[in-house]
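Input: a single structure, listed below in structure tokens.
Number of protein chains: 2
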Amino acid sequence: MGLTPRIAIDAMGGDGGVRVMVAGAAAARHRHDGLKFLLVGDEVQIKAALDNHPNLRAATDIIHTDGIVTGDDKPSQALRKARGSSMGLAIDAVKRGDAGGAVSSGNTGALMAMAKLALRTMPGIDRPALAALLPTLGDNDVVMLDLGANTDCDANNLVQFAIMGSAYARTAMGLKEPRVALLNIGTEEMKGTDVIRDAAAALRSAQGLPMRFQGFIEGDKLSRGEIDVIVHDGFSGNIALKSMEGTARFVTDLLRRAFTSSLRSKVGFLISRPATELLKHHLDPNNHNGAVFLGLNGVVLKSHGSANAAGVANAVHVCAELVEKDITRQVTEDLANFRAQTA
Amino acid sequence: MGLTPRIAIDAMGGDGGVRVMVAGAAAARHRHDGLKFLLVGDEVQIKAALDNHPNLRAATDIIHTDGIVTGDDKPSQALRKARGSSMGLAIDAVKRGDAGGAVSSGNTGALMAMAKLALRTMPGIDRPALAALLPTLGDNDVVMLDLGANTDCDANNLVQFAIMGSAYARTAMGLKEPRVALLNIGTEEMKGTDVIRDAAAALRSAQGLPMRFQGFIEGDKLSRGEIDVIVHDGFSGNIALKSMEGTARFVTDLLRRAFTSSLRSKVGFLISRPATELLKHHLDPNNHNGAVFLGLNGVVLKSHGSANAAGVANAVHVCAELVEKDITRQVTEDLANFRAQTA
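Line by line, the protein sequences give chains S and W.
If you're matching positions, the first sequence starts at 53 in the numbering used here and goes up one per residue.
If you're matching positions, the second sequence starts at 53 in the numbering used here and goes up one per residue.
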């Protein structure tokens, strides 16, 4: 791949279908000049969608397929569609080197299984991790990983996640030395499980890595913006992420109820509309779209199933950044550095 | 103990000190007629605080001690203060049968360690659990347990937590057959760890218990009000609870920022003040105060360290309910019933 990477897009995944994926790619190209695309899916639908985006059409090749992975497909069923589906062919394009990275808004479990099987884990990484960006009160988002790829993890897995998450934070957010912490049930050294304590000891002793290890972080501090990379196993991460999502929705639902509870409140709400729109914007997942599978030989981005064109554009943008800045090489270097110290 | 129980109060714990604990006890007595108290701590301070509450004074005995457990005491240090501290003597009153239950706003780890050592786990329960009530969008709060007493749990522990949590929900919220679910990373039967799947299988097969087992619940549904008792190990529970607390604060902080971002928003905020006060009231931990240690030979309630008098009154009220309705007997019966079926 050249300096301006080509991104393979699974045009058939996601609730919004082909039009949203194509509109997202077009929007990303406005931000990321010279970006090229491989659109994978139903050629007729893709061509129709491209009619609205002549700028994109010129930079795009199409791979036609009728096959799709559905939201109901179990990972094992999806793997049988690896060769015929838009998702499978998008990943295959990365494997063959025809694309630098792939973006899909489809079934997460299927994408993870296919990507892992086709691309394999990169040298030095035992297990890939799913990482996402979440909003904070600070100057930048926070990277959280793993978010569901690995229910059980050992200390080595967590250390590798910390190294990969730090490379992601440097690439996606332009940080020089991201602050890294392990999610735990307390901040004292003796808190938590053996696995977490061992991972902390290893990260504490590692010198010269482009990250600042800050020890443990508790669940109530995740959105404070004081840490840039939060590391956990896929079980804890899923619990934390979903508890955060549910609570954000809970509070905004309560707010909606409160604001519609009287005429006076309704008037107040209308007047302060710009304020609540600001809140909505800050919490809108489309502004933080794109979970990335780290640790594979290739970049695969998972866009929210319900992402709109702006959300897809964000995911494509992050994918292009990761490809251009060669996150795989960054992780390899950090791993080698870490190994040399702990050997 | 008689029909109107006597509650032992650790008068020295909590950020607000003696005055808040005594005011809380007085407020609880207005709601719970005939309630009696044992106030444990510095006699001079307690007597001074009682001057404002003649109604309470008549129903109160005082146990004087100079010793206190501080917020910094590790559980091991606190255990050495078991005999001389206000916290230790309040628990001791429960052990001797001088009080039906104890309430403290002091150091949680210390309270847990002291209560466990003094009262021991009840027959049939392997480990006690810390349970709390959280607000929901539904008609009642939700019970979550365990919230930190046990980092690692086996399937039997989780089943016992479900039985204890269900008894708590019946007592504290007046539900007949609470809906019970296990916290997991998905709702399908094969999701999660072996421990969680085994616990689910055991609860699914149990018939005739006064609860409705609903399978798994994910982190984004905790506040929906569709489940009354959510069961998890202390690690996951800590992560979920703190993620919820942090996110509630995050969203309300964003809201405050948004509302103060322009003059127009400020005006809107002032007009809709009753609405935001309603939100504040709903999220105020004082309205859901009182985490209970379930599974001991005696009732011990942990009130928030920062609880105000209304919060302490809520904790005392819950404690009195648990004593009057004899939660220990309820749990014993359900356990026997469960054992008879699975034997």
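Idealized CB from N, CA, C, for every residue including glycine.
The beta carbon of His116(W) lies closer than 6 Å to those of Glu95 in the same chain, with the five residues before and after it left out. For Asn107(S), the closest C-alpha among the options Gly66(S), Thr304(S) and Gly86(S) is that of Gly86(S). DSSP places Gln266(S) in the uninterrupted beta strand (DSSP E) bounded by Arg264 to Ile269. Counting only residues of its own chain and dropping the five nearest sequence neighbours on each side, Asn236(S) has a CB closer than 6 Å to the CB of Lys243, Gly244, Ile248 and Phe268. In this structure Gly149(W) is exposed. Its beta-carbon is surrounded by fewer than 16 other beta-carbon atoms within 10 angstroms. Taking all protein chains shown into account, His284(S) has 16 or more neighbouring C-beta atoms within 10 Å of its C-beta and is therefore buried. Measuring C-alpha to C-alpha distances from Gly69(S) to each of Thr56(S), Ala80(S), Ile59(S) and Gly123(S) identifies Gly123(S) as the nearest. Straight through space, the alpha carbons of Gly357(S) and Asn159(S) are spaced by roughly 8 Å.
Any Cβ of chain S closer than 8 Å to the Cβ of Val303(W) would place that residue at the interface, and such an atom is present. Asp144(S) is positioned such that its CB atom lies closer than 8 Å to that of Ala170(S). Runs of beta strand (DSSP E) with 3 or more residues, each lying fully within the region 343-389 of chain W, are found at 343-346 and 351-354, listed in chain order. Listed along the chain, the chain W residues whose CB falls inside 7 Å of the CB of Lys294(S) are Glu270, Gly271 and Asp272. With the rule of 3 Cβ pairs closer than 8 Å, the region 210-220 of chain S counts as touching the region 250-261 of chain S.
Under DSSP, the beta-bridge partners assigned to Arg58(S) are Lys88(S). Proximity of Gly244(W) to chain S, defined by a Cβ-Cβ separation below 8 Å, is satisfied. For His116(W), the uninterrupted beta strand (DSSP E) segment begins and ends at Thr112 to His116.
Taking all protein chains shown into account, Gln393(S) has fewer than 16 neighbouring C-beta atoms within 10 Å of its C-beta and is therefore exposed.
When C-beta distances to chain S are compared with 7 Å, the residues of the region 276-288 of chain W below that value are Phe287 and Ser288, in chain order. With its beta carbon less than 8 Å from one in chain W, Arg316(S) belongs to the interface.
By the C-beta density criterion, Thr312(W) is exposed, having fewer than 16 other C-beta atoms within 10 angstroms. Identification of chain S residues near Ala300(W) by a Cβ-Cβ cut-off of 8 Å yields Thr299, Phe302 and Val303, ordered along the chain. Interface with chain S (8 Å Cβ-Cβ cutoff): Leu235(W) is included.
C-alpha of Asp206(W) to C-alpha of Asn338(S): approximately 39 Å in a straight line. In the DSSP assignment, Ile282(W) is bridged to Met196(W) and Ala233(W). With fewer than 16 other Cβ atoms inside 10 Å of its own Cβ, Asn104(S) counts as exposed.
For the pair Val352(S) and Pro180(S), the Cα-to-Cα distance works out to about 11 Å.
Excluding sequence positions up to five before and after Asn290(W), its CB lies within less than 8 Å of the CB of Leu199 and Gly200, all in the same chain and listed in chain order. Looking at Glu385(W), Leu131(W) and His369(W), the one whose alpha-carbon comes closest to that of Gly161(W) is Leu131(W).
In the DSSP assignment, Val155(W) forms a beta bridge with Ile61(W) and Leu353(W). Cβ-Cβ distances below 7 Å link Met139(W) to Asp62, Gly65, Val121, Ser156, Gly158, Ala162, Leu163 and Met166 in the same chain, with the five nearest sequence neighbours on each side left out; the list follows chain order. Interface residue (Cβ-Cβ distance to chain S less than 8 Å): Val319(W) is classified as such. Taking Pro127(S) as the centre and dropping the five residues before and after it, the same chain places the C-beta of Gly161, Ala162 and Ala165 closer than 6 Å to its C-beta, in chain order. Using a Cβ-Cβ cut-off of 9 Å, Thr173(W) is close to nothing in chain S; its nearest Cβ partner there is about 22 Å away. For Leu261(S), the secondary structure class from DSSP, reduced to helix, strand or coil, is coil. Beta-bridge analysis with DSSP links Gly93(W) to His116(W).
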